[in-house]
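Residue numbers (the working numbering): -16 to 252.
Using N, Cα and C, we set each Cβ at its ideal position, and we do this for glycine too.
Reviewing the structure listed below.
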Amino acid sequence: MILRFSITLFFLIGISAIYAEKPASATLKERETQKQIDLQRKNGFGDNEIDTLHANIIGNLRKMKKLQDLGVDKTAAQYLAHTPDEHKELYKKDKDGKPYMEIKLPQGQSYIDYPTVFLYDGVAYIFPKEDFSDLDKIILTFRRVNADGTIHVKEMRRLVNPSPKSEGSEKDEKGEAKLDTNSDIRLEYYRSLTSDTIWPNDPVQPAEPDIAMVLNDEKDPLPYEKQKHIMRSYKKMLRKISKQTAFKLRNIELDQKQMITKILDYNTN
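Here it is, written out as C-alpha cells:
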C-alpha cells in the first residue's frame, strides 16, 4: 500500500476526468449521490483519526523536545557507548531557519508499471510550531526514476499540508470536536528528462512544480474518488510517521534511563 501511494498519489486524474461536464439528465440516485458529494466537499474532509494522529505526532515531538532541552541526547552520545559517539541533531533547519524533523519513507524498486522498473524513495518533513503547541506543516515527498532505458524520466510528487491541526477544544453545532477540513492540502508534481536534474532533499524546493493542485478547491475540486483516495493514503502515511516518532521518543527515554542506571551503578562491597 505504501508503494501504491508513493507511485500513484499525484497521478490523480486524466484531464478529461477533471473537466468532464455533468450529464444533461441524471437519475434520482445520481442526483442524491451528487448532493452528498457536494455536502462532503462543503464540510471538508475532516477525519477523527487524522486529527488524533496529528496530536500523537506533535505529542511525541513535544516530549522529545523536553528531553532534548535536558541534554539527554547529547549526554547519551558522550557517555553511554564505550567510546564517545557523534551526536546527531533531532532537527534540521530549512532556508528560513525553521526546524523540522526528517522521517525516511520507503525506498526500493517499483514494478507497478511493469515491464518498466522504477527506483523510488520517500521522505517526510515534520514542522512543529515554535512553541510545540501543534504541528505547523507536513510535507510528504516521493521521487522516482525509471531504472532502464536510454531516456530517464525523473519525477517528484509532494503532498503539502500547510495547516495540520490536532484535536482541539473548538466545537461544532452538535457539540462535538470540530475537525480539521484538510481542504487546503496541496499536491505538487515535478518532472524532468535531463540526467543531471536532482531535486534537493529539502522541504523548500528552488523550482516551482510543473503541476500544482489543491485537494478541495472550491472553484475547481478534484474528482471525489481521488479526493477520498488522497485522504486515505495521507492517513496511512501519518500512521507510519506516528510510529516512527514514537520509536525515536522511546530511544531517547531509554537513553535517559540508562544514564540514571550508569550514575547509580557503583559497587559498595
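Cross-strand partners of residue i (DSSP beta bridge)
i	result
Glu191	Bridge partners of Glu191: none, in fact.
Gly267	This structure cannot speak to residue 267, because the chain is shown only from -16 to 252.
When the options are compared against residue i, the one with the closest alpha-carbon
i	options	result
Met196	Asp185, Ile33, Asn144, Gln188	Asn144
Asp119	Gly42, Ile109, Val128, Arg127	Ile109
Glu113	Asp79, Lys218, Pro186	Asp79
Arg126	Pro89, Asp238, Leu11	Pro89
Val128	Ala107, Thr99, Leu142, Ser116	Thr99
Ile122	Asp131, Ser146, Thr228	Ser146
Asp238	Lys25, Leu50, Gly42, Asp96	Leu50
Ile168	Ser216, Asp185, Gln17	Ser216
Lys137	Glu15, Thr164, Asp52, Pro183	Pro183
Asp131	Gln92, Ala190, Ser225, Lys57	Gln92
Arg233	Gly42, Leu221, Glu208, Leu142	Gly42
Asp203	Lys18, Gln17, Arg24, Gln19	Arg24
Lys224	Ala107, Glu32, Ala190, Glu150	The sequence given here places Ile at residue 224; Lys does not occur at that position. Checked all of Ala107, Glu32, Ala190, Glu150; the closest Cα to Ile224 is Ala107.
Asn31	Glu150, Met214, Ile95	Glu150
Glu191	Ile243, Asn26, Asp179, Arg141	Arg141
Residue range of the beta strand (DSSP E) that includes residue i
i	result
Ile121	118 to 129
Glu138	137 to 144
Phe110	101 to 111
Pro183	No beta strand (DSSP E) holds Pro183; DSSP gives it neither H nor E.
Lys81	Per DSSP, Lys81 belongs to no beta strand (DSSP E) and is neither H nor E.
Residue i in three-state terms, based on DSSP
i	result
Asp287	Because the chain in this structure spans residues -16 to 252, residue 287 falls outside the shown range and cannot be described.
Phe28	coil
Thr177	coil
Glu72	coil
Leu53	coil
Leu198	coil
Leu232	helix
Leu44	helix
Tyr172	strand
Glu208	helix
Asp34	helix
Tyr97	coil
Lys226	helix
Thr10	coil
Thr133	coil
Lys148	coil
Residue-chain proximity (residue i, chain C), Cβ-Cβ < 7 Å
i	result
Leu44	Of the chains in the structure shown, none is chain C; there is only one protein chain.
Rounded straight-line distance, which links the Cα of residue j to that of residue i
i	j	result
Gly105	Thr124	5 Å
Glu13	Lys231	48 Å
Pro206	Asp21	11 Å
Met139	Lys87	15 Å
Glu236	Leu44	13 Å
His135	Gln210	30 Å
Glu85	Lys75	8 Å
Leu36	His212	18 Å
Ser175	Ala59	44 Å
Ile194	Leu170	8 Å
Met47	Asn39	12 Å
Glu4	Thr10	Note on Glu4: pLDDT 46, under 50, position unreliable in the model; no value is reported.
Ser116	Glu15	41 Å
Tyr173	Leu102	16 Å
Lys219	Gln241	33 Å
Thr177	Phe28	38 Å
Leu53	Ser166	38 Å
Lys18	Lys226	38 Å
Lys148	Pro111	11 Å
Thr244	Val55	13 Å
Glu72	Ala229	17 Å
Proximity test, residue i beta-carbon vs the ligand PLP heavy atom, cut-off 6 Å
i	result
Asp104	The ligand PLP is not part of the structure shown, which contains no ligands of any sort.
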